[in-house]
């Protein structure tokens, strides 16, 4: 059994990735990051998902990014957009995936894991630069120069198995692996109960994905006045 | 005046880099990371250095790496080596520079800074993989695929001005810029007063550097029984 670190936000995509890594026979160490995100209830979802999908261990690392701000997810003075717009949306968090992957890299090295999984997607996504194939390739290349493990002949593979899938394909894949999407939280402004707004970018992508997949949407939406 | 983020550990090298960046006309934002390091007193040194060398602001980000462990600096069950040895020493902290640079990248993007400075050195150093030129190049390349700033035409330059200098050259450079090395802490097992052991890898490199530079060593060594 090979160890893998799986970044687990608590959302639909990373839950699917955890199920995929588990199905491939990896012993999965799930890593979540409490960075002061507005949708803090995704972390409770991550815990549920990790337990349900067979993670060996689930850790939450705290790193407060609200001091830097610069995103609707880390600065309460910036509203989460509720309509589609051109360009990179305000929910982009500066260097978030780089920070999370660097933490995953640290844990992987200690665990002697040579595999990290991340649920980035470049099809039905918000246009974040750190979800693109070229970024993933560059991070892997950098990581293989960064660690003692790599120097000593144990290189890292960074897996992004959702990169080229549509949201519908992701949902179909996860459903076939038994992922309970009702336990996941994708909404950028989910409330403390994990109930979704239904109008943010993440909700719209998720909802359209269930429709396109022909799968009943189990998301719990809250009532908006 | 251009903004720059300068990683500042509180040691000799990063203090020199801060002085160099300041001398080049950058408005410097100094970033330290409290990762649970054994030599915690380096953070007090970083604060002194930041104030003395004209940093516009100094921030300390907390991220506990002791949960991962895997290093003599983050696991109290692993002793700091007090003699030179072959290979990468036990003081190597998994992915430390990658984590610190990713935090610097986040702050730089929010500050609209296109320059990050780091005091890595590949001459008189401990052999850490994440201090090598190829690593620095790969991080910069990755960073320029990671951020909204880069996508929108504001690429990042990662400066490692000490990379090819000897420790003596670093000390001469810093001395010429007015760095007070008495305020810095390099020792891996410095006590709470910042007093150095004199025998760890970092102390030996530092001491030899002052000798070779012909500069009086201002380090405060503690008495060892």
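Chains as they are written, first to last, in the working numbering: chain A, 27 to 251; chain B, 27 to 251. All C-beta atoms in this analysis are idealised placements derived from N, C-alpha and C, irrespective of residue type, glycine included. From a predicted model like this one, the values you see are computed outputs, not experimental measurements.
Beta-carbon neighbours of residue i, restricted to chain A and to distances below 7 Å
i: residue 173 of chain B; result: 120, 121 and 155
i: residue 128 of chain B; result: 121, 124, 125 and 128
i: residue 164 of chain B; result: 167, 168 and 171
i: residue 214 of chain B; result: Those within 7 Å of residue 214 of chain B in chain A number zero; the least Cβ separation is about 17 Å.
Beta-carbon neighbours of residue i, restricted to chain B and to distances below 9 Å
i: residue 114 of chain A; result: 174, 177 and 178
i: residue 69 of chain A; result: Per Cβ cutoff of 9 Å: no residues; residue 69 of chain A is ~16 Å from chain B at best.
Residues that DSSP places opposite residue i in a beta bridge
i: residue 143 of chain A; result: A:32 and A:185
i: residue 85 of chain B; result: B:57
i: residue 222 of chain B; result: B:247
Residue i: contacting residues in chain B (beta-carbon distance under 8 Å)
i: residue 87 of chain A; result: 89, 90 and 93
i: residue 158 of chain A; result: 171
i: residue 161 of chain A; result: 168, 171 and 172
Own chain partners of residue i with C-beta closer than 7 Å, once the 5 adjacent residues on each side are dropped
i: residue 108 of chain A; result: 225 and 226
i: residue 39 of chain B; result: 145, 147, 188 and 196
i: residue 95 of chain B; result: 101
i: residue 243 of chain B; result: 233 and 236
i: residue 68 of chain B; result: 35, 36, 37, 211 and 216
i: residue 111 of chain B; result: none
i: residue 42 of chain A; result: 145, 188, 196, 199, 200 and 205
i: residue 49 of chain A; result: 203
i: residue 71 of chain B; result: 36, 209, 210, 211 and 220
i: residue 73 of chain A; result: 84
Nonlocal neighbours in the same chain, by C-beta distance under 6 Å from residue i, ignoring five residues either side
i: residue 169 of chain A; result: 131 and 182
i: residue 127 of chain B; result: 165
i: residue 218 of chain B; result: 67
i: residue 192 of chain B; result: 149 and 150
i: residue 63 of chain A; result: 99
i: residue 123 of chain A; result: 156
i: residue 92 of chain A; result: 62 and 100
i: residue 222 of chain A; result: 213, 216, 229, 245 and 247
i: residue 178 of chain B; result: none
i: residue 53 of chain B; result: 27, 29 and 82
Chain-ordered neighbours of residue i on chain C, where CB pairs are closer than 8 Å
i: residue 82 of chain B; result: Note that chain C does not occur in the displayed structure, where the protein chains are A and B.
Neighbour list for residue i in chain A, Cβ cutoff strictly below 9 Å
i: residue 135 of chain B; result: 94, 96, 120 and 121
i: residue 35 of chain B; result: Within chain A, no residue comes near residue 35 of chain B; the closest Cβ sits about 17 Å away, beyond 9 Å.
i: residue 131 of chain B; result: 120, 121, 124 and 125
Nonlocal neighbours in the same chain, by C-beta distance under 8 Å from residue i, ignoring five residues either side
i: residue 77 of chain A; result: 84
i: residue 162 of chain A; result: 144, 146, 184, 186 and 189
i: residue 65 of chain B; result: 99, 211, 213, 214, 215 and 216
i: residue 133 of chain A; result: 31, 55, 57, 85 and 139
i: residue 208 of chain A; result: 244, 245 and 246
i: residue 180 of chain A; result: 138 and 140
i: residue 113 of chain B; result: 153
Item to complete: Evaluate the contact criterion for the stretch 74–84 of chain B versus the stretch 105–117 of chain B: three or more CB pairs, one atom per stretch, below 8 Å.
Response: Counting Cβ pairs under 8 Å, fewer than three are found: no touch.
Discussion item. For the structure I just gave you, are there three or more beta carbon pairs, one from the stretch 138–156 of chain A and one from the stretch 171–182 of chain B, closer than 8 Å?
Written reply: Three or more beta-carbon pairs drawn from the stretch 138–156 of chain A and the stretch 171–182 of chain B are found closer than 8 Å, and the two stretches are therefore classed as touching.
Worksheet item: How about the stretch 28–47 of chain B and the stretch 227–246 of chain A: do they share at least three Cβ pairs that are nearer than 8 Å?
Response: The stretch 28–47 of chain B, when compared against the stretch 227–246 of chain A, does not touch it at the 8 Å Cβ threshold.
Worksheet item: In chain order, which continuous runs of the alpha helix (DSSP H) of length 4 or greater are located wholly inside the stretch 148–210 of chain A?
Response: Listed in chain order, the complete alpha helix (DSSP H) runs (minimum 4 residues) inside the stretch 148–210 of chain A are 159–172, 174–177 and 193–202.
Practice prompt. Write down every uninterrupted run of the alpha helix (DSSP H) in the stretch 68–127 of chain A whose length is 4 residues or greater and which is fully enclosed by it, in chain order.
Written response: For the stretch 68–127 of chain A, there is no continuous alpha helix (DSSP H) assignment of 4+ residues that stays within its boundaries.
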